[in-house]
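Student: Sharing a structure here in structure tokens format.
Number of protein chains: 2
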Amino acid sequence: MSQPSSAISPTRAADFAEWYQQVVRAAELAEPSDVRGCMVIKPWGYGLWENIQHTLDGMFKATGHKNAYFPLFIPLSYLAKEAQHVEGFAKECAIVTHHRLEAGPDGALRPAPSSQLAEPLVIRPTSETIIGATYAKWVQSYRDLPILINQWANVVRWEMRPRLFLRTAEFLWQEGHTAHETEAEALEETEKMLGVYETFAREHLALPVYTGEKSAGERFPGAVQTLCIEAMVQDRKAVQAGTSHFLGQNFAKASDIKFLSRTNTQEFAWTTSWGVSTRLIGTLLMAHGDDDGAVLPPRVATSHVVILPVVPKEETRAAVLDAAYALAAKLRETRYHGDPLRVEVDARDVNGGAKNWEWIKKGAPLRVEIGPRDLEKGTVAIARRDRANKEKTFPANAEFVESVGAILDDIQATLLARATAHRDEHTVRIDTKEAFYAFFTAKNPDKPEVHGGFALAHWNGSPEVETQIKEDLKVTIRCIPTPGQIPGAEEPGRCVITGEPSTRRVLFAKSY
Amino acid sequence: MSQPSSAISPTRAADFAEWYQQVVRAAELAEPSDVRGCMVIKPWGYGLWENIQHTLDGMFKATGHKNAYFPLFIPLSYLAKEAQHVEGFAKECAIVTHHRLEAGPDGALRPAPSSQLAEPLVIRPTSETIIGATYAKWVQSYRDLPILINQWANVVRWEMRPRLFLRTAEFLWQEGHTAHETEAEALEETEKMLGVYETFAREHLALPVYTGEKSAGERFPGAVQTLCIEAMVQDRKAVQAGTSHFLGQNFAKASDIKFLSRTNTQEFAWTTSWGVSTRLIGTLLMAHGDDDGAVLPPRVATSHVVILPVVPKEETRAAVLDAAYALAAKLRETRYHGDPLRVEVDARDVNGGAKNWEWIKKGAPLRVEIGPRDLEKGTVAIARRDRANKEKTFPANAEFVESVGAILDDIQATLLARATAHRDEHTVRIDTKEAFYAFFTAKNPDKPEVHGGFALAHWNGSPEVETQIKEDLKVTIRCIPTPGQIPGAEEPGRCVITGEPSTRRVLFAKSY
Chain A
22 MSQPSSAISP TRAADFAEWY QQVVRAAELA EPSDVRGCMV IKPWGYGLWE
72 NIQHTLDGMF KATGHKNAYF PLFIPLSYLA KEAQHVEGFA KECAIVTHHR
122 LEAGPDGALR PAPSSQLAEP LVIRPTSETI IGATYAKWVQ SYRDLPILIN
172 QWANVVRWEM RPRLFLRTAE FLWQEGHTAH ETEAEALEET EKMLGVYETF
222 AREHLALPVY TGEKSAGERF PGAVQTLCIE AMVQDRKAVQ AGTSHFLGQN
272 FAKASDIKFL SRTNTQEFAW TTSWGVSTRL IGTLLMAHGD DDGAVLPPRV
322 ATSHVVILPV VPKEETRAAV LDAAYALAAK LRETRYHGDP LRVEVDARDV
372 NGGAKNWEWI KKGAPLRVEI GPRDLEKGTV AIARRDRANK EKTFPANAEF
422 VESVGAILDD IQATLLARAT AHRDEHTVRI DTKEAFYAFF TAKNPDKPEV
472 HGGFALAHWN GSPEVETQIK EDLKVTIRCI PTPGQIPGAE EPGRCVITGE
522 PSTRRVLFAK SY
Chain B
22 MSQPSSAISP TRAADFAEWY QQVVRAAELA EPSDVRGCMV IKPWGYGLWE
72 NIQHTLDGMF KATGHKNAYF PLFIPLSYLA KEAQHVEGFA KECAIVTHHR
122 LEAGPDGALR PAPSSQLAEP LVIRPTSETI IGATYAKWVQ SYRDLPILIN
172 QWANVVRWEM RPRLFLRTAE FLWQEGHTAH ETEAEALEET EKMLGVYETF
222 AREHLALPVY TGEKSAGERF PGAVQTLCIE AMVQDRKAVQ AGTSHFLGQN
272 FAKASDIKFL SRTNTQEFAW TTSWGVSTRL IGTLLMAHGD DDGAVLPPRV
322 ATSHVVILPV VPKEETRAAV LDAAYALAAK LRETRYHGDP LRVEVDARDV
372 NGGAKNWEWI KKGAPLRVEI GPRDLEKGTV AIARRDRANK EKTFPANAEF
422 VESVGAILDD IQATLLARAT AHRDEHTVRI DTKEAFYAFF TAKNPDKPEV
472 HGGFALAHWN GSPEVETQIK EDLKVTIRCI PTPGQIPGAE EPGRCVITGE
522 PSTRRVLFAK SY
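Protein chains in written order, with my numbering: chain A, 22 to 533; chain B, 22 to 533.
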């Protein structure tokens with residue numbers, strides 16, 4: 022048996038989907054649970070979510086939002102109120118029908134028949150309806166507006182084909198829900214939060230995303246307008262990484278969020294909602310990982326630096342460990358973008374080579390080896406996760422502490438540059454139906470290789486063409502890109518499928 | 022009708038239970054939702070939880086714990102494994118039986134019969150069983166131990182008589198779950214986390230709590246030992262504010278958490294769990310509130326300082342608002358115990374007196390008025406929530422910014438001193454059955470007045486006596502106080518009920 026050339030098997034090129042599962046497992050980020058479709062998020066994965074949460078929460082608060090918490094359960098009748106909403110996606114969900122366990126005739130535990138609820142409760146797949154009912158109570162006059170609230174919560178959508186972080190029955194997210202006096206203000210809010218997501222994705226996740234508006238067919242059920250950020254991952258598929266919805270007065274009408282206006286009339290509020298989820302973790306793994314495992318962008322990495330004491334002989338163990346902990350303490354005193362540097366010392370009694378590979382697979386941005394010879398010379402051995410595994414530098418200890426922030430920023434910039442180059446290379450203008458179909462057709466349909474990308478193509482605006490493309494190729498319109506974002510996208514042309522006139526190009530891709 | 026003398030009606034003395042409900046409502050902390058037993062936590066209430074979370078999370082991490090996330094759903098069979106556990110409390114819970122909605126014959130939405138789950142899922146009332154099943158997979162050898170993990174989560178226990186923050190169907194909490202190689206290590210962990218809770222309650226919530234061990238009858242179902250912190254609130258009842266359980270090998274045996282020991286034998290791990298919840302918010306409100314509403318301890322207050330611009334004339338409005346925002350910016354630059362000061366400017370176009378009362382009721386530690394005359398003199402008007410409402414001081418603007426941390430610390434110390442004096446005054450040694458029954462018997466049984474307190478009394482150790490006291494008086498043993506905590510409590514004596522010998526006094530009280 023030949024030595025594998027990389028830590029993760031298969032490689033990205035050989036089988037991207039399987040590579041992804043292996044990365045999640047090898048990096049100890051999450052694992053499937055015994056509850057179908059639900060995952061256990063392990064500390065190394067949850068740390069990513071904590072960092073994402075911490076930063077986004079600060080950005081939400083800086084834009085005037087506050088956090089609150091709304092019930093997990095939604096009465097069935099609430100969902101019935103917003104018919105379009107339920108038609109759209111809320112049907113596959115967890116339904117609570119009983120509230121007590123008892124021993125049945127066979128002695129086994131069962132839901133007590135006497136505890137059946139008069140009205141079943143649905144576990145929130147999203148909270149529009151229950152928050153709408155609450156806002157209806159809070160809003161009386163224009164003086165009560167705007168309401169600018171966010172919630173960090175777990176939600177459930179009963180997924181039949183779960184995939185860790187990307188699609189699970191239960192997942193973690195944030196959902197902002199705002200209510201406004203005017204349409205213009207709500208539209209401004211919708212765009213502002215899309216901007217927050219775009220900035221966060223670029224600066225913290227090192228993900229260059231396209232922003233734009235969803236076509237009517239891809240819109241959030243019940244929304245007037247859905248804006249989104251779309252990321253490209255390494256198999257050239259799109260991931261919808263965040264959405265911001267302008268809900269018009271639809272939910273306000275369904276929930277009766279009315280207010281006495283400045284002109285003394287009763288008006289319905291204008292509402293928005295916006296969210297990102299643990300899916301961001303799946304996205305960044307697929308965007309930055311390599312054939313050796315996860316590669317975490319420093320700004321969100323669970324730990325920035327992992328210190329690996331090298332202990333060849335028992336007599337130097339104490340001195341090496343002391344030096345490792347002293348270095349960790351020094352590093353933790355330094356701040357990286359405002360927060361203390363996150364440092365781990367791996368002093369486990371495990372073979373050094375195996376330990377090093379573990380941290381490569383986990384994607385720690387910087388690995389620092391420190392051994393007896395380093396103590397003598399006052400140096401450390403540094404390996405960056407964005408470089409070849411064996412490439413090391415040997416700065417003086419103090420010099421490393423001094424420069425650690427700059428090194429991390431450089432890694433962050435490298436990841437963003439790589440992802441941007443990859444995205445740009447695979448964002449292609451396509452002008453014929455033939456080329457369009459060729460672009461999205463795998464050479465080996467039984468086991469599709471990495472192919473395709475983002476196609477910028479003209480479209481006649483009809484749902485029929487959208488449906489046909491989806492059926493033929495499993496390709497959807499990811500967004501109608503924000504004007505000015507992609508040079509020339511707003512020039513008129515002819516629909517790539519029908520040849521009919523089109524005012525602008527839109528972005529097509531296969532997606533997760 | 023005479024003018025009420027305080028903002029909250031009824032007063033604490035008149036009807037403590039109703040006073041509490043009114044405080045929660047008037048302070049805009051939370052409200053009941055349309056879902057029976059579930060609450061909506063409003064921003065002013067959720068801010069308290071965020072601050073509690075932030076501080077406790079730091080304390081957990083400083084003691085070596087990491088966060089993770091486990092599924093919301095627990096398969097019914099998991100609960101069946103730990104029979105004592107289910108016997109104890111897990112019966113009243115939300116049970117998911119279906120996973121899809123459909124339109125029924127009458128057109129109304131209903132759980133689709135075809136989507137019935139083969140095995141019902143229970144919403145976690147606590148996660149011991151599902152985490153146990155996960156740890157069983159993670160632990161192979163003693164090298165995998167200890168596992169030191171915490172989870173921030175929502176849990177559900179179907180409460181029939183909900184009370185906001187104290188007892189709701191869904192509530193927020195943290196649950197630490199650890200697994201260890203030895204009994205001694207697990208016991209040490211159990212005590213360590215109790216210590217974290219005691220410190221947090223005292224230093225941050227200004228709650229002096231008694232620590233101790235629960236009697237067998239009051240223990241967490243399935244635990245070998247339950248340690249707790251017990252707070253006294255102003256109606257002299259106890260609140261169990263946090264618990265730390267030594268689970269022995271019970272859950273390890275039920276979940277099969279086994280490991281290869283250092284001596285090459287298969288052994289069961291020793292586990293612990295520990296938690297506090299949004300109940301802490303109810304506890305601090307009942308401990309510190311007064312007849313004008315909530316009084317928030319500065320260390321956890323949603324906002325530390327509220328600035329109220331005073332705008333008697335339109336021509337000075339701009340200057341006053343500018344000064345208010347400038348002061349807020351200055352204050353936010355200062356740090357209070359390591360975090361930026363939390364400052365709010367209430368510039369709403371609302372009557373000044375009404376606005377002032379709102380913030381009194383909300384319990385903001387410091388209210389700062391700033392008006393045209395203050396601008397001229399370079400001063401501000403400061404009112405402390407721990408002092409009389411009309412008592413104000415008029416420091417120079419810069420002097421206030423300089424001293425704000427010291428003032429907040431002084432308020433914090435005052436609240437702790439008051440709560441300690443109240444607790445000590447109402448912690449009473451009782452040596453006769455007559456006195457014991459008199460202490461816990463209200464003069465007006467139809468509408469019990471504030472009475473009783475914590476009785477330090479001898480007990481023969483029998484469950485029968487415990488049950489009799491509970492049935493007669495609704496009084497329970499809150500804890501067997503940690504030795505050394507209450508002078509003389511460990512001296513032997515005679516059971517207050519039976520006259521039989523007793524080795525030490527225990528703490529009895531009515532409780533929430």
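Built from N, CA and C at the ideal position, the CB exists for glycine as well.
Since we're looking at a predicted model, the values are computed, not measured.
Could you compute how far the alpha carbon of residue 525(B) sits from the alpha carbon of residue 505(B)?
Tutor: On the second sequence, residue 525(B) is found 504 positions in, with the first residue counted as 1. On the second sequence, residue 505(B) is found 484 positions in, with the first residue counted as 1. Taken atom to atom, the span from the alpha-carbon of residue 525(B) to that of residue 505(B) is near 12 Å.
Student: I think residue 530(A) touches residue 476(A), with their Cβ atoms under 8 Å apart; what is that distance to the nearest whole Å?
Tutor: Within the first sequence, the letter at position 509 stands for residue 530(A). Within the first sequence, the letter at position 455 stands for residue 476(A). Right, their Cβ atoms sit about 7 Å apart.
Student: Have a look at the DSSP bridge pairing and note the partners of residue 197(B).
Tutor: Counted from its first residue, the second sequence places residue 197(B) at position 176. Residue 197(B) pairs with 171(B) and 295(B).
Student: Shortest alpha-carbon distance to residue 246(A) belongs to which of 365(A), 432(A) and 210(A)?
Tutor: The count along the first sequence starts at 1 and reaches residue 246(A) at position 225. The candidate whose alpha carbon is nearest that of residue 246(A) is 210(A).
Student: Under a three-way DSSP split, which group does residue 29(A) fall into?
Tutor: Here residue 29(A) is taken as the residue at index 8 of the first sequence, counted from 1. Note: residue 29(A) maps to coil in three-state DSSP.
Student: So within the stretch 319–405 of chain A, which uninterrupted alpha helix (DSSP H) runs reach at least 4 residues, ignoring any that extend past its ends?
Tutor: 338–354, 373–383 and 393–398
Student: Please tell me whether residue 351(B) has its Cβ less than 8 Å away from any Cβ of chain A.
Tutor: The sequence position of residue 351(B) within the second sequence is 330, counting from 1. No, residue 351(B) lies away from the interface with chain A (no Cβ there is under 8 Å from its Cβ).
Student: On the DSSP bridge assignment, give the partners of residue 186(A) in chain order.
Tutor: Looking up residue 186(A) in the first sequence gives position 165. None; residue 186(A) has no bridge partner.
Student: Counting only runs that start and end within the stretch 71–96 of chain A, where is the beta strand (DSSP E) found for 3 or more residues in a row?
Tutor: Counting only runs of 3 or more, we get 94–96.
Student: What are the uninterrupted segments assigned as alpha helix (DSSP H) that are 4 or more residues long and contained completely in the stretch 411–466 of chain A, given in chain order?
Tutor: Those alpha helix (DSSP H) runs which fall completely within the stretch 411–466 of chain A and span 4+ residues are 418–446 and 454–460.
Student: So that I know if they touch, is there some Cβ in chain A lying closer than 8 Å to that of residue 55(B)?
Tutor: By one-based count along the second sequence, residue 55(B) stands at place 34. By this cut-off, residue 55(B) is an interface position.
Student: Distance cutoff 8 Å, beta carbons only. Does residue 73(B) sit that close to anything in chain A?
Tutor: Translated into the one-based positions of the second sequence, residue 73(B) becomes position 52. Not one chain A Cβ lies under 8 Å of residue 73(B).
Student: Determine the chain A residues that contact residue 62(B) at a beta-carbon separation under 7 Å, and present them in chain order.
Tutor: Your numbering for residue 62(B) matches position 41 in the second sequence. The answer, in chain order, is 89 and 90.
Student: Residue 170(B) touches chain A at which residues, Cβ-Cβ below 8 Å?
Tutor: By one-based count along the second sequence, residue 170(B) stands at place 149. Chain A residues near residue 170(B): 64.
Student: Give the secondary structure of residue 214(A) by DSSP, where H, G and I count as helix, E and B as strand, and everything else as coil.
Tutor: By 1-based counting over the first sequence, the position of residue 214(A) is 193. Three-state DSSP puts residue 214(A) in a helix.
Student: To which residues of the same chain is residue 371(B) closer than 7 Å at the C-beta, ignoring the five residues directly before and after it?
Tutor: By one-based count along the second sequence, residue 371(B) stands at place 350. Contacts found: none.
Student: Residue 329(B) and residue 412(B) - do their beta-carbons sit closer together than 8 Å?
Tutor: Sequence index remark: in the second sequence, residue 412(B) carries index 391 (1-based). Sequence index remark: in the second sequence, residue 329(B) carries index 308 (1-based). Going by C-beta atoms, residue 412(B) is not nearer than 8 Å to residue 329(B).
Student: Need the endpoints of the alpha helix (DSSP H) that residue 37(A) sits in, please.
Tutor: In the first sequence, counting from the first residue as 1, residue 37(A) sits at position 16. For residue 37(A), the enclosing alpha helix (DSSP H) begins and ends at 37–47.
Student: Determine whether the Cβ of residue 116(B) lies closer than 8 Å to any Cβ atom of chain A.
Tutor: To locate residue 116(B), count along the second sequence from 1; it is residue 95. Output row for residue 116(B): interface = yes.
Student: Let me see if you follow: with CB-CB separation under 8 Å, is residue 196(B) close to chain A or not?
Tutor: Counting from 1 along the second sequence, the entry for residue 196(B) is found at position 175. For residue 196(B), the answer is no, since every Cβ of chain A falls outside 8 Å of its Cβ.
Student: How big is the Cα-Cα spacing for residue 228(B) and residue 532(B)?
Tutor: Numbered from its first residue, the second sequence carries residue 228(B) at position 207. Numbered from its first residue, the second sequence carries residue 532(B) at position 511. Cα to Cα, the separation comes out at about 16 Å.
Student: Since residue 113(A) and residue 178(A) should fall inside the 8 Å C-beta cutoff, what is the C-beta to C-beta distance between them, to a whole number of angstroms?
Tutor: By 1-based counting over the first sequence, the position of residue 113(A) is 92. By 1-based counting over the first sequence, the position of residue 178(A) is 157. Right, the Cβ-Cβ distance comes to about 6 Å (below 8 Å), so this counts as a contact.
Student: Between residue 498(A) and residue 276(A), how many whole angstroms is the CB-CB distance? I'm expecting something under 8 Å.
Tutor: As a first step, residue 498(A) must be located in the first sequence, where it is residue number 477. As a first step, residue 276(A) must be located in the first sequence, where it is residue number 255. Wrong, their Cβ atoms sit about 30 Å apart, outside the cutoff.
Student: Do you know how far the Cα of residue 318(A) is from the Cα of residue 22(A)?
Tutor: Residue numbering aside, residue 22(A) sits at position 1 when the first sequence is read from its first letter. Residue numbering aside, residue 318(A) sits at position 297 when the first sequence is read from its first letter. For residue 22(A), the predicted model reports a pLDDT of 43, less than 50, meaning its position is unreliable; a value from the coordinates is still stated below. Distance between the alpha carbons of residue 22(A) and residue 318(A): 34 Å.
Student: Could you tell me whether the stretch 26–46 of chain B touches the stretch 287–301 of chain B, using the rule of 3 or more Cβ pairs below 8 Å?
Tutor: no
Student: Given residue 189(B), which residues of its chain have a CB within under 7 Å of its CB, disregarding the five upstream and five downstream residues?
Tutor: Looking up residue 189(B) in the second sequence gives position 168. For residue 189(B), where only same-chain residues beyond five positions count, the Cβ hits under 7 Å are 58, 59, 60, 180 and 183.
Student: Determine the DSSP secondary structure at residue 533(A), reduced to helix, strand or coil.
Tutor: Looking up residue 533(A) in the first sequence gives position 512. Of the three classes helix, strand and coil, the one that applies to residue 533(A) here is coil, per DSSP.
Student: Is there a Cβ of chain B sitting closer than 8 Å to that of residue 22(A), yes or no?
Tutor: As a working mapping, residue 22(A) is identified with position 1 in the first sequence. In this predicted model, residue 22(A) has a pLDDT of only 43, less than 50, meaning its place in the structure is not dependable; the value taken from the coordinates is given anyway. No, because no Cβ of chain B sits closer than 8 Å to the Cβ of residue 22(A).
Student: How many Å lie between residue 464(B) and residue 221(B) at the Cα?
Tutor: Start at 1 with the first residue of the second sequence, and residue 464(B) comes out as number 443. Start at 1 with the first residue of the second sequence, and residue 221(B) comes out as number 200. Computed Cα separation, rounded: 36 Å.
Student: Three-state secondary structure (DSSP) at residue 54(B)?
Tutor: Locating residue 54(B) in the second sequence gives position 33, where the first residue counts as 1. The answer is coil: DSSP assigns residue 54(B) none of H, G, I, E or B.
Student: In terms of residue numbering, what span does the alpha helix (DSSP H) encompassing residue 302(B) cover?
Tutor: Within the second sequence, residue 302(B) is the residue found at index 281, counting from 1. DSSP places residue 302(B) inside the alpha helix (DSSP H), whose first and last residues are 300–309.
Student: Distance check for residue 116(B) and residue 442(A), CA to CA, integer angstroms please.
Tutor: Counted from its first residue, the first sequence places residue 442(A) at position 421. Counted from its first residue, the second sequence places residue 116(B) at position 95. Cα to Cα, residue 442(A) sits roughly 49 Å from residue 116(B).
Student: Would you say the stretch 199–210 of chain B touches the stretch 443–454 of chain B, given that touching needs at least three Cβ pairs under 8 Å?
Tutor: no
Student: Quickly, what does DSSP pair residue 231(A) with across the bridge? List them, please.
Tutor: Translated into positions along the first sequence, residue 231(A) becomes position 210. Answer is 251(A), bridged to residue 231(A).
Student: Per DSSP, residue 113(B) forms a beta bridge with which residues?
Tutor: The residue labelled residue 113(B) in the question sits at position 92 within the second sequence. Residue 113(B) pairs with 121(A).
Student: Determine whether the beta carbon atoms of residue 482(A) and residue 449(A) lie at a separation below 8 Å.
Tutor: The sequence position of residue 482(A) within the first sequence is 461, counting from 1. The sequence position of residue 449(A) within the first sequence is 428, counting from 1. Cβ distance not < 8 Å, so residue 482(A) and residue 449(A) don't count as in contact.
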